[in-house]
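12 is the number of the first residue of the sequence shown in this note's numbering; add one for each residue after it. Every residue, glycine too, gets a C-beta built ideally from N, C-alpha and C. As the structure is a computational prediction, the values presented were derived from the model and not from experiment.
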Amino acid sequence: MTHRVAVLDKELCQPKKCGLECIKYCPVNKSGADCIILNEEIKKAQIDENICNGCGICVKVCPFDAITIINLASELATDKVHQYGINSFRLYKLPTPTKGGVVGLLGRNGMGKSTVINILSGNLKPNLGNYNEPPDWDNILRYYSGTELKSHFEKIKDGNIKASIKPQQVYNVAEVFDGTTKELLEKFDERGVSKELVKELGLTNSLENHLKELSGGELQRLAVAVTTSKDADFYFFDEPSSYNDVYQRTSVARVIHGLAKIGKSVMVVEHDLTLLDFLSDYIDVLYGEPAVYGIVSKVLSTKVGINVFLDGYLPNENVRFRDKKFTFDSSATTTENFQVGNEIISYPLLEKKFPSFSVTIEPGKVSKGEVLGIMGANALGKTTFMKMIAGVEKPDSGEINKKIKIAYKPQYLTNDIDVEVVDLLEKANGGPIQGSTEEEQIIDPLKIKKLYNKSVKNLSGGELQKVAVVSCLLQKVDVFALDEPSAFLDVEDRIAIAKFIQRFVRSYKKSAIIIDHDLQLMDLISDSMVIFEGTSGIEGHATSPLSKTDAMNRFLKSLGITFRRDEKSLRPRVNKSDSRLDKTQKDSGNFYYKN
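Structure (structure tokens):
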């Protein structure tokens, strides 16, 4: 037995621009029934799931890819937690909060993580799929009787639960609070811990600053501090790593884990696998079809949960949710792989001075087919280095080989232009994109064809990032310079883009220079690395390109964390602080695993 999910992307559905093919060609409509109609009220297509036969013809004929039809196992019909409306997203099953533990929610964007957070925090009452006649609390409690979630929902019903949530969009904090960092912390510090948090999260220099003057990283850490300082039963952190460098991410992880140590329930949504591994005690995998439906798996240990997610298969539930595994290569590329004479770009000692900041970069080169990774704390000059390479900034001393062409994707993306994605991509490509080899080689593998008719200003953070990366790769250049390509992307997209860039650069004998704070992504994508060191905001110093093993070892030593390889997936794993393996590796000076 199957039951059917029919979801319509209302933004993509444009009846005025098409010939209503979905209505014309639906075989159920042809037999005289009204399976697909045009809803006169909202002027969009509407699908009756009860009589839809799942043939998929409407999916194929829709010129805008607005329809998704999925056949689900009928057992799931009894596990529906919430549905937003007709032909809308629905969520199946829920994770259970754990006292004294951090539960990591791992899955693609659009799988219902925000819905989970809203339901468990009491901000959204689950309708169990009955969006027309939502059930009352007695019916909801009856539905969850015999489960651990029943007592949780009883507390929500009686108003006895207090949740503290760190939202994903931290810039909104500056919009709703007109004051300084210190004033905001004092307003919400119910546990009397703000002084310790300021120190741990590196906010001392931001205390007197107005929120509108703070950087993205400062706002993120302030939001973590405010969420942590409230006295609550449940704490939810939605993507706490964004805008922060690796040092700041480990501080954030320690602060969040500190809540579990005092017996609180904590849930975290995070796409940086290194951070999630370091932070979580348990993992719930969310799978399904983005923006169509999401299913929450049974709870797993951190190691098993992340490996299961990478495998795309849940053995306990016998469910395959992705047709391919994500694998990590155990052999590190050495600089010898890139022969002398094959260099695309070389640069001497570079120096750049600003009124209150200076940066020095040791000489180096990048070869054909090579990906150079750049790592280091924020405000050490990484972006300045990339701008000098790209010709956007001029160094005070030292000159860069100007004969090469460079495409540059900046760190901060703006979506304030009202153009369709397809027009933006054609401009980057220098010609038509539909039916071109570039579409086949770049756009199809990165799955952004569906966004062609969307306006750039309506894209989500993740969609905008993918479009920006693709726009960069479409340009006819020698070197692709990408500043933080992982920001706002989910785990699957991060791994897929990292592997794609590496393959693309090698196949076409191009080069790439990549700045990112996701350690796993940098380990996966880089052939060699430049490490930035110094004092943030005052002076930075960059090494010459190092082998990946030497660079990672040096960088992890400065972080005080050690990596081992997972014996099954070969992915890098953070050793728990002060564990036997952590101590052994630190004693031997081997912070990065040996191959």
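By the Cβ test, the stretch 498 to 507 is in contact with the stretch 277 to 297, since at least three Cβ pairs between them sit closer than 8 Å. For residue 159, the CB contacts under 6 Å within the same chain, skipping 5 residues up- and downstream, are 107 in chain order. Collapsing the DSSP output to three states places residue 321 in a helix. Scanning the stretch 419 to 444 for uninterrupted beta strand (DSSP E) segments of 3 residues or longer gives nothing; none is fully contained. Per DSSP, the continuous beta strand (DSSP E) segment holding residue 382 begins and ends at 382 to 387.
Taking the C-beta atoms as reference points, residue 492 is found nearer than 8 Å to residue 417. Inside the stretch 485 to 556, DSSP marks whole beta strand (DSSP E) runs of 3 or more residues at positions 490 to 494, 522 to 526, 539 to 546 and 550 to 553, from first to last along the chain. Within the same chain, Cβ atoms closer than 7 Å to the Cβ of residue 473 are found at 120, 499, 500, 501 and 504, the five residues on either side in sequence being excluded.
For residue 371, the beta-bridge partners assigned by DSSP are 362 and 552. Counting only unbroken stretches of 3 or more residues, the beta strand (DSSP E) elements lying wholly within the stretch 46 to 82 are 47 to 50 and 55 to 58, in sequence order.
With at least 16 other beta carbons inside 10 angstroms of its own, residue 259 counts as buried. Across the structure, residue 169 and residue 296 are spaced so that their CA atoms are roughly 30 Å apart. The C-alpha of residue 298 is placed about 29 Å away from the C-alpha of residue 537. Shown here, residue 228 sits in a helix according to DSSP, grouped into three states.
Shown here for residue 218: same chain residues with a beta carbon closer than 6 Å to its own, the five before and five after excluded, namely 192 and 193 in chain order. In the DSSP annotation of this structure, the continuous segment of the beta strand (DSSP E) that includes residue 276 starts and ends at 276 to 280.
By the beta-carbon neighbour count (other beta carbons within 10 angstroms, threshold 16), residue 147 is exposed. The three-state reading of DSSP puts residue 248 in strand, counting E and B together. Between residue 406 and residue 462, the C-beta gap is not smaller than 8 Å, which leaves the two residues out of contact. Non-local C-beta neighbours of residue 549 in its own chain, meaning closer than 7 Å and more than five positions away in sequence, comprise 368, ordered along the chain.
Residue 142 has its alpha-carbon roughly 47 Å from the corresponding atom of residue 442. The beta carbons of residue 102 and residue 127 sit closer together than 8 Å.
Looking at the DSSP output, residue 163 shares a beta bridge with no other residue. Under DSSP, the beta-bridge partners assigned to residue 93 are 102. For residue 34, the number of other beta carbons within 10 angstroms of its own is at least 16, and it is reported as buried. Of the residues 182, 234, 94 and 480, the one whose Cα lies closest to the Cα of residue 200 is 234.
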